[in-house]
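Visitor: Numbering (this note's numbering), first residue to last: 2 to 639.
Every residue, glycine too, gets a C-beta built ideally from N, C-alpha and C.
One structure, as structure tokens, below. Some questions next.
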Amino acid sequence: MSLPILDQSDLDAVAELLPSLSLGDGERRTVLLECGTRDINAAPGSGKTTLLAAKLLMLSRKWPYERRGVCVISHTNVARDEIQRRLSASADGARLLAYPHFIGTIHAFVNQFLALPLLRSEGLEVDSIDNDIFERRALALARKVPAIRFWMGQDASVEDMVRTLVFDGAELTLACEEGKLPKASSKTYPSLLGIKHELAANGIFRHADMFALAEKLLMDHPYTGTLLSKRFPLVFIDEMQDTSWAQEEMLNRVFDNSVVIQRFGDVNQRILSSDKDAVNLTFPRAECLSISTSKRFGPAIAKAVSSVQLNGTPVIGDQPDTHAPTLILYSENRVSDVIHCFGGLVLDAFSDEELQAGEVRVLCARKQSSANAAPGRHLGDYWPPFGQEMLNATSRADRLWALLADPPGHGSGTYSLAARAGDIRRASLLVLRSAESPFIVDIRDGNQLVRNLERDGHETVSLRRLFRDLALATGLASSLEARGETISKMFAGLVALLPEGMTEEKFRGLSVFAEPEMPVKDTAESRTSVVERDGRSAVIQIGTTASMKGETHLATLVLESYGGRSRRFDLAEALPVIAGANGLPKKMSETLKGQFRNLYVAMSRPTSLLCLAANQNRVASDDIGELVKCGWRVRVLN
Ligand SMILES: Nc1ncnc2c1ncn2[C@@H]1O[C@H](COP(=O)(O)OP(=O)(O)OP(=O)(O)O)[C@@H](O)[C@H]1O
């Protein structure tokens, strides 16, 4: 099968379409014109996702097949959204957003083409693929079994095992992601197996189950790989460094040698370190292409980033430096003021227009830890509402008001409309369930609502209008009054699907509409800090490094954290290296290497301002002096 050959004229055309990008240098040109199977291992901010989107635009003008498509697999929604956004800017590009092409995360690919077809062929529907929901249901069932309940009371690790029960491999054997499963001959094993099967029968799965189901499909129907290879003769994988060995093996079985596969990634950004089979990973293969310059930041940030880089050519910053990197040193009793201090620096550094256009983020490698060490261990130390949210066990997917609340960036165009639409559909399904609608008995997934209702001959115009109105509205859950109006809207949109005799008054009394346990405002605020000064404000999103992979920020604060098994604080170890006093430590445990990779990812997010925050007791004054000599600013909070 012949695939389009890309040449200089395609590059010229796409350069005209994307005038803000510089695509003509040797390294980028080679990547854009490469037509064979090839790995591209490139620095943070070198534009892997951007180049991939540009390359897809080039291909879209020449794609010759109607039933064969390009398959683009990413690991994060951020990368997927970025690619889709760039493609939707032109008519040719927009064609790649629909059949026969696929652009989505590896989880979406596995679900859509492998796991869900298998479940459907066995007559099973999916209610939720959500680890939190699974955990709650599994624990609730386990507490009903006296032997397991007793055992959980004796040994805390049993709870971990129960809540992470998964299917493993093509035979769907029982396994667990944490803790240890008892022997198959033990008294409790049949009960654990029963819990897993009962939840599967009710359509409640963990994400990892989907991979086992996919393996089963590939084993039961070996021809699936050949069919998918015909359907997708060209495959791009973005963020390849995050592919686990199990995922790589599966992709090898899905796509045969006839398929051209280009894999984009940065091996230094590999922060999922728990894969015991990581030694088998093949990315990047010999003769890979590379791009060493970052279009995200300038030399000062590049110098800091490359000092914590474990392998390869140091990253070069291609943009001008705009703000000096800054170190915030805090005393233990000021740890919870660090984010506020960063907000002040941000307000000093940027105009309101710049703050409108760019993101300001705070990252930390760990979200929680019970380590008995001085503060600065995890996000909860710096931002207590985050710790509280962790304690709130009920999954967002089961909380109506959390689903309807404005997602971060709502109204500013920076959020994913697809994710918002999914939340609205899920919320509507929860309401219909609570009302005991007779029409949704077999519907387990919000995404099936319209399809299944139409299949059963129902009119869905008002339902779809409700979805659209709710998805575009803001403040649906922001106050008692707003929630009251939302209930009225939902009543009007869903009335045709409600049981006979359901008045608006009865509808209002449904348990699903109960006032949220935790004020919705706080739920949203648990990940957002707004720092205000002199009538100006900076909105700062807070999260883990893993949750912000692939992002580009205007300003990033990286918070020091404690590395569990390494028993080291990441910045305490890294600051002497960043200050240039030492190279990388000669001996680094795997955990410490993981901490450095996390720092490498976190520190390479900003275009303009990089801030680090560390407990002042853990930083030597010589290192502070060296940093200042290198142009760093230091703020002390005590
Ligand atoms: N060729 C280019 N010309 C100008 N700007 C670019 C170019 N490529 C990328 N950029 C800009 O640099 C930033 C980083 O791009 P992108 O996210 O694609 O990099 P990446 O290599 O995928 O990053 P990471 O590995 O950190 O996830 C974005 O703001 C993007 O708009």
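Mind checking who V73 pairs with in its DSSP beta bridge?
Guide: As a working mapping, residue 73 is identified with position 72 in the sequence shown. DSSP, once it has assigned bridges, lists I104, F237 as partnering V73.
Visitor: Who are the Cβ neighbours of N42 in its own chain at under 7 Å, not counting the five residues just before and after it?
Guide: Here the question's residue 42 lines up with position 41 in the sequence shown. G266, D267, V268, P285, C289, S291.
Visitor: Write down the C-beta distance between V261 and L282 rounded to the nearest angstrom, noting that I regard them as a contact closer than 8 Å.
Guide: To locate residue 261, count along the sequence shown from 1; it is residue 260. To locate residue 282, count along the sequence shown from 1; it is residue 281. For a cut-off of 8 Å, the C-beta gap from V261 to L282 is around 20 Å, too long to register as a contact.
Visitor: Tell me whether the beta-carbon of L638 lies closer than 9 Å to the beta-carbon of Y331.
Guide: If you number the sequence shown from 1, residue 638 lands on position 637. If you number the sequence shown from 1, residue 331 lands on position 330. Contact flag set, yes.
Visitor: Excluding five sequence neighbours on each side, which residues of the same chain lie with their C-beta closer than 8 Å to the C-beta of L219?
Guide: Working through the sequence shown from its first residue, we reach residue 219 at position 218. For L219, where only same-chain residues beyond five positions count, the Cβ hits under 8 Å are L115, A171, T225, G226, M251, R254, V255.
Visitor: Please list the segments of the beta strand (DSSP E) lying wholly inside the segment 277-352, counting only runs of 3 or more residues, in order along the chain.
Guide: 290-292, 327-331
Visitor: What residue does the beta strand (DSSP E) around V540 start on, and which one ends it?
Guide: Along the sequence shown, one-based indexing puts residue 540 at 539. Element bounds for V540: 537-545.
Visitor: Comparing alpha-carbon positions, which option in A419, G447, R164 lies nearest R427?
Guide: Residue numbering aside, residue 427 sits at position 426 when the sequence shown is read from its first letter. Considering only alpha carbons, the answer is G447.
Visitor: Can you tell me the Cβ-Cβ gap for M549 and R362, rounded? I've got them flagged as a contact below 8 Å.
Guide: As a working note, residue 549 is residue 548 in the sequence shown. As a working note, residue 362 is residue 361 in the sequence shown. Correct: roughly 6 Å between the Cβ atoms.
Visitor: Could you have a look at R634 and say whether DSSP puts it in helix, strand or coil?
Guide: As a first step, residue 634 must be located in the sequence shown, where it is residue number 633. Three-state result, R634: strand.
Visitor: Using CA atoms only, rank isn't needed, just tell me which of R138, T475, R62, G105 is closest to N78.
Guide: Against the sequence shown, residue 78 aligns to sequence position 77. Residue G105 is the option with its Cα nearest to N78.
Visitor: Please confirm if the segment 123-130 is in contact with the segment 178-190, defined as three or more CB-CB distances below 8 Å between the two stretches.
Guide: no
Visitor: Under the assumption that A366 contacts Q596 (Cβ atoms under 8 Å), give the Cβ distance between them as a whole number of angstroms.
Guide: The count along the sequence shown starts at 1 and reaches residue 366 at position 365. The count along the sequence shown starts at 1 and reaches residue 596 at position 595. Here A366 really is in contact with Q596; their C-beta atoms are around 7 Å apart, less than 8 Å.
Visitor: Ligand 2 and L22: does the residue's C-beta get closer than 8 Å to at least one heavy atom of that ligand?
Guide: With respect to small molecules bound, the structure shown includes ligand 1 and not ligand 2.
Visitor: Please determine whether the Cβ atom of R606 lies at a distance below 8 Å from any heavy atom of ligand 1.
Guide: For the purposes of this step, residue 606 is identified with residue 605 of the sequence shown, where counting begins at 1. Yes; taking the cut-off as 8 Å, the Cβ of R606 has a heavy atom of ligand 1 nearer than that.
Visitor: Check for me: the alpha helix (DSSP H) holding Q85 runs from which residue to which?
Guide: As a position in the sequence shown, residue 85 is number 84, starting the count at 1. Per DSSP, Q85 belongs to the alpha helix (DSSP H) from 78-88.
Visitor: Would you say the beta carbon of L52 is closer than 8 Å to some non-hydrogen atom of ligand 1?
Guide: Here residue 52 corresponds to residue number 51 of the sequence shown, with the count starting at 1. L52: yes, Cβ under 8 Å from ligand 1.
Visitor: Beta strand (DSSP E) containing A366: first to last residue?
Guide: Reading the sequence shown from its first residue, position 365 is the one you call residue 366. No beta strand (DSSP E) contains A366, which DSSP labels as neither H nor E.
Visitor: Quick one: Cα of S33 to Cα of P607, how far?
Guide: Indexing the sequence shown from 1 puts residue 33 at position 32. Indexing the sequence shown from 1 puts residue 607 at position 606. Per the sequence shown, residue 33 should be read as Leu rather than Ser. Roughly 25 Å between the two C-alpha positions.
Visitor: Flag E250 as yes when its Cβ comes closer than 8 Å to any non-hydrogen atom of ligand 1, and as no otherwise.
Guide: Translated into positions along the sequence shown, residue 250 becomes position 249. The answer is no for E250.
Visitor: What does the alpha-carbon distance come out to for the pair L4 and A92?
Guide: In the sequence shown, counting from the first residue as 1, residue 4 sits at position 3. In the sequence shown, counting from the first residue as 1, residue 92 sits at position 91. For L4 and A92, the distance between alpha carbons rounds to 21 Å.
Visitor: Thinking just about the alpha-carbon of each residue, which of R434, D571, S562, L58 is nearest to the one in L1?
Guide: In this structure the chain extends from 2 to 639, so residue 1 is not present and cannot be described.
Visitor: Are the CB atoms of A539 and G344 within a distance shorter than 9 Å?
Guide: Within the sequence shown, numbered from 1, the residue matching residue 344 stands at position 343. Within the sequence shown, numbered from 1, the residue matching residue 539 stands at position 538. Yes, the Cβ-Cβ distance between G344 and A539 is below 9 Å.
Visitor: Would you call T314 buried or exposed, if buried means 16 or more other Cβ atoms sit within 10 Å of its Cβ?
Guide: Position 313 of the sequence shown, counted from the start, is the residue given in the question as residue 314. Looking at its Cβ environment, which holds fewer than 16 other Cβ atoms inside 10 Å, T314 is exposed.
Visitor: Over the uninterrupted beta strand (DSSP E) stretch that includes Q263, give me the two end residues.
Guide: Here residue 263 refers to the residue found at position 262 when the sequence shown is read from its first residue. DSSP places Q263 inside the beta strand (DSSP E), whose first and last residues are 261-266.
Visitor: Nearer than 8 Å: is that true of the beta carbon of L295 relative to any heavy atom of ligand 1?
Guide: By 1-based counting over the sequence shown, the position of residue 295 is 294. Rather than Leu, the amino acid found at residue 295 in this sequence is Ser. Yes; taking the cut-off as 8 Å, the Cβ of S295 has a heavy atom of ligand 1 nearer than that.
Visitor: Check whether the Cβ of A43 lies closer than 8 Å to any heavy atom of ligand 1, and answer yes or no.
Guide: For the purposes of this step, residue 43 is taken as residue 42 along the sequence shown, with counting starting at 1. A43: yes, Cβ under 8 Å from ligand 1.
Visitor: Spell out whether any CB of chain D is found under 9 Å from the CB atom of C631.
Guide: Of the protein chains in the structure, only one exists, and it is not chain D.
Visitor: Is it buried or exposed, R164, if we count other Cβ atoms within 10 angstroms and call 16 or more buried?
Guide: Position 163 of the sequence shown, counted from the start, is the residue given in the question as residue 164. Looking at its Cβ environment, which holds 16 or more other Cβ atoms inside 10 Å, R164 is buried.
Visitor: Which residue wins for smallest C-alpha separation from L311, given the options V635, E627, A614, M589?
Guide: In the sequence shown, the residue the question calls residue 311 occupies position 310. Ranking the options by Cα distance to L311, first place goes to M589.
Visitor: Does the distance between the C-beta of Q155 and the nearest non-hydrogen atom of ligand 1 fall short of 8 Å?
Guide: Position 154 of the sequence shown holds residue 155. No, ligand 1 has no heavy atom inside 8 Å of this Cβ.
Visitor: Would you check if the distance between the CB atom of A621 and the CB atom of L600 is smaller than 9 Å?
Guide: Looking up residue 621 in the sequence shown gives position 620. Looking up residue 600 in the sequence shown gives position 599. No; because the gap between Cβ atoms is not below 9 Å, this pair is not in contact.
Visitor: Do you know how far the Cα of D239 is from the Cα of K49?
Guide: Locating residue 49 in the sequence shown gives position 48, counting from the first residue. Locating residue 239 in the sequence shown gives position 238, counting from the first residue. Going from the Cα of K49 to the Cα of D239 covers about 8 Å.
Visitor: Within the present structure, is the beta-carbon of T553 separated from the nearest heavy atom of ligand 1 by less than 8 Å?
Guide: Translated into the one-based positions of the sequence shown, residue 553 becomes position 552. True, at least one ligand heavy atom lies under 8 Å from that Cβ.
Visitor: Along the beta strand (DSSP E) that carries R39, what are the first and last residues, could you check?
Guide: Within the sequence shown, the letter at position 38 stands for residue 39. Unbroken beta strand (DSSP E) run through R39: 39-43.
Visitor: Flag Q270 as yes when its Cβ comes closer than 8 Å to any non-hydrogen atom of ligand 1, and as no otherwise.
Guide: Here residue 270 refers to the residue found at position 269 of the sequence shown. Yes, since a heavy atom of ligand 1 falls inside the 8 Å radius drawn around the Cβ of Q270.
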